[in-house]
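The working numbering numbers the first residue of the sequence shown as 48 and each following residue consecutively.
Glycine included, each C-beta is placed from N, C-alpha and C at the ideal position.
Heads up: the structure comes next, in structure tokens.
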Amino acid sequence: MAEATPVSGCERVMLFIESGGPGGAESVVLRLALALRERDFDTSVMTTRTGWLTETLRDRGIPHVKVEAGGRLDPGFPRRIAAVLRERRIDVLHTHLLDSNVYGGIAARLAGVRHVATEHGDVHHTRAKKLLRTKVRLMSLLGARMTAVSQFTADHLARLGANRGRITRVGNPIDAPSPIDDAERKELRASLGIDAAVGDHWLWAHVANLRPVKDQPTLLRGFAKALVGSPIPQSLCLLGDGKSRADLEALCGQLGVRDRVHFLGFRNDVPKWLQAADGFAMSSRSEAMPMSLLEASLSGCLPVCTNVGGIGEVVRPGETGFLVERGDADALGRAMHAAVADIATSRSMATQVRHEVATEFSVPTILDAYYALYRSP
Numbered sequence: 048m049a050e051a052t053p054v055s056g057c058e059r060v061m062l063f064i065e066s067g068g069p070g071g072a073e074s075v076v077l078r079l080a081l082a083l084r085e086r087d088f089d090t091s092v093m094t095t096r097t098g099w100l101t102e103t104l105r106d107r108g109i110p111h112v113k114v115e116a117g118g119r120l121d122p123g124f125p126r127r128i129a130a131v132l133r134e135r136r137i138d139v140l141h142t143h144l145l146d147s148n149v150y151g152g153i154a155a156r157l158a159g160v161r162h163v164a165t166e167h168g169d170v171h172h173t174r175a176k177k178l179l180r181t182k183v184r185l186m187s188l189l190g191a192r193m194t195a196v197s198q199f200t201a202d203h204l205a206r207l208g209a210n211r212g213r214i215t216r217v218g219n220p221i222d223a224p225s226p227i228d229d230a231e232r233k234e235l236r237a238s239l240g241i242d243a244a245v246g247d248h249w250l251w252a253h254v255a256n257l258r259p260v261k262d263q264p265t266l267l268r269g270f271a272k273a274l275v276g277s278p279i280p281q282s283l284c285l286l287g288d289g290k291s292r293a294d295l296e297a298l299c300g301q302l303g304v305r306d307r308v309h310f311l312g313f314r315n316d317v318p319k320w321l322q323a324a325d326g327f328a329m330s331s332r333s334e335a336m337p338m339s340l341l342e343a344s345l346s347g348c349l350p351v352c353t354n355v356g357g358i359g360e361v362v363r364p365g366e367t368g369f370l371v372e373r374g375d376a377d378a379l380g381r382a383m384h385a386a387v388a389d390i391a392t393s394r395s396m397a398t399q400v401r402h403e404v405a406t407e408f409s410v411p412t413i414l415d416a417y418y419a420l421y422r423s424p
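The following block contains the structure:
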């Protein structure tokens with residue numbers, strides 16, 4: 048695929064997301080920043096908070112600007128963003144998540160720069176955002192080129208009043224992980240007490256912040272059911288942290304699975320753990336197009352997920368994984384049990400989803416789509 052180089056009028060791109068911590072949208076911002084720089088764009092990132100993302104940007108040499116936000120209904124906030132855009136002579140502002148999209152849209156209009164607004168799914172979270180419909184319509188009135196990470200999200204934006212003609216489905220960019228060898232895979236599994244040969248012990252991975260929308264209680268209950276009559280031992284590792292951790296650990300004790308469930312906390316080596324695992328389990332109540340699903344699929348894991356958001360655009364039952372209804376621990380348990388009961392078929396589905404994700408969500412493919420939007424009026 049030919050490398051796109053910036054043309055006059057879109058050499059300087061600023062990515063804007065309010066948060067700075069770990070998360071799917073933040074990972075997308077990081078990948079885009081690195082990929083744009085590789086294509087010779089003058090790339091920078093703006094946030095209102097610091098954390099994992101800003102620290103990683105610093106380590107990777109990507110310029111970062113922190114702009115102060117004065118809380119809700121801060122009329123000066125867009126002006127401060129616009130001042131940064133003018134000072135740095137930005138050509139294109141690419142914003143991420145609903146509130147950043149709205150404030151960024153106003154700032155882009157004030158500064159006279161093009162605006163691309165990416166919606167990652169917070170428009171259809173289970174807890175509705177305040178003034179949601181008004182914010183979406185405002186983005187359209189401001190003339191933003193809107194993108195959605197799944198068709199599900201694109202359709203939801205249109206139902207909320209966005210101009211469908213200015214919405215484009217652009218998936219999350221995903222890099223192939225640096226491969227690990229058999230010795231490292233064995234070492235990682237051994238750290239969990241798994242010393243069986245590959246195929247004799249199934250390891251599930253779950254990657255998410257530990258919070259209610261991810262519904263880890265259903266995951267744990269489903270996993271406990273999957274262990275009943277399982278043809279081989281199974282274990283589950285949770286990569287992520289959050290306020291729900293203590294409650295989830297207590298639930299493991301109640302379910303009698305504490306020795307099979309491993310809470311690994313927030314990790315910087317998630318790709319290695321995904322390659323060490325056999326399957327990926329997701330119990331979310333709301334998603335758009337989760338980065339963790341794409342990363343797990345590209346790592347060779349079989350996905351077993353709840354059928355929410357755009358997940359069904361990647362996971363097709365019987366072809367590329369298993370889908371169950373959200374909140375249904377019994378169905379999740381049956382799916383996890385079925386995956387282990389027929390490992391040959393599970394491996395075949397994992398291979399298929401890996402191929403499809405590598406083709407559709409590769410960084411060059413996604414970057415080409417954004418590059419076209421950066422040049423659009």
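- Comparing alpha carbon positions, the residue from L207, E403 and D87 closest to K182 is L207.
- At a Cβ-Cβ threshold of 8 Å, A191 and H167 do not count as neighbours.
- Considered as a whole, the stretch 283-341 harbours 308-312 and 326-329 as its complete beta strand (DSSP E) runs of no fewer than 3 residues, in chain order.
- Within the same chain, and ignoring the five residues on either side of T215 in sequence, the residues whose Cβ sits closer than 8 Å to its Cβ are R192, M193, T194, A195, A201, A416 and L420.
- If you draw a straight line from the Cα of H384 to the Cα of R156, it comes to about 53 Å.
- Residue environment for N315: exposed (fewer than 16 other C-beta atoms within 10 angstroms of its C-beta).
- Looking at the DSSP output, P364 sits in a beta bridge with G368.
- Taking each of I221, G303 and L370 in turn and checking the Cα distance to G71, the smallest one comes out for I221.
- For A343, the CB contacts under 6 Å within the same chain, skipping 5 residues up- and downstream, are L321 and F327 in chain order.
- Counting only runs of at least 4 residues, the stretch 371-396 fully encloses the following alpha helix (DSSP H) elements, listed from N- to C-terminal order: 376-388.
- The Cβ atoms of V160 and M186 lie no closer than 8 Å to each other.
- Separation of S291 and P259 (C-alpha to C-alpha, rounded to the nearest whole angstrom) is 8 Å.
- The residues Q263, L285, G287, D288, G289, K290, S291, R292 and L295, in chain order, have a CB closer than 8 Å to that of L257 in the same chain once the five nearest residues on each side in sequence are set aside.
- The secondary-structure analysis by DSSP pairs W99 with nothing; it has no beta-bridge partner.
- Q301 counts as exposed, since fewer than 16 other C-beta atoms from the protein chains shown sit within 10 angstroms of its C-beta.
- As computed with DSSP, E73 is found in no beta bridge at all.
- Taking the CA atoms as reference points, D228 sits about 31 Å from G98.
- Annotation for E65: no beta strand (DSSP E) segment contains it, and DSSP assigns it neither H nor E.
- Beta-carbon to beta-carbon, A335 and S197 are separated by about 5 Å, close enough to satisfy the 8 Å threshold.
- In the DSSP assignment, D229 falls within the unbroken alpha helix (DSSP H) covering D229 to A237.
- For T398, the closest alpha carbon among the candidates V361, D146, R84 and L204 is that of V361.
- In this structure, DSSP gives H171 a helical state, which the three-state scheme calls helix.
- The distance from the Cβ of V355 to that of S333 is about 6 Å, consistent with a contact at the 8 Å cut-off.
- Taking 8 Å as the cut-off, the beta carbon of G365 is found no closer than this to the beta carbon of F199.
- Secondary structure within the stretch 195-276: the alpha helix (DSSP H) runs of 4 or more consecutive residues, fully enclosed, are 198-206, 229-237 and 263-274 (chain order).
- With 16 or more other Cβ atoms inside 10 Å of its own Cβ, H143 counts as buried.
- Straight across, the Cα-Cα distance linking I137 with H171 is about 31 Å.
- In the DSSP annotation of this structure, the continuous segment of the alpha helix (DSSP H) that includes L420 starts and ends at V410 to R422.
- The three-state reading of DSSP puts P122 in coil, since its state is none of H, G, I, E or B.
- Looking only at S238, R135, G117 and F369, the smallest Cα-Cα distance to V400 is reached by F369.
- DSSP places L144 outside both helix and strand once states are collapsed to three, so it counts as coil.
- Counting C-beta pairs closer than 8 Å gives fewer than three between the stretch 112-119 and the stretch 71-87, which falls short of the contact rule.
- In this structure S330 is in contact with L379, their Cβ atoms being roughly 6 Å apart against a cut-off of 8 Å.
- Sequence-distant partners of I241 (beyond 5 residues in either direction) whose C-beta falls short of 7 Å from its own C-beta, in its chain, are H248, L250 and S282.
- In terms of Cβ geometry, A388 and K272 do not form a close pair [threshold 8 Å].
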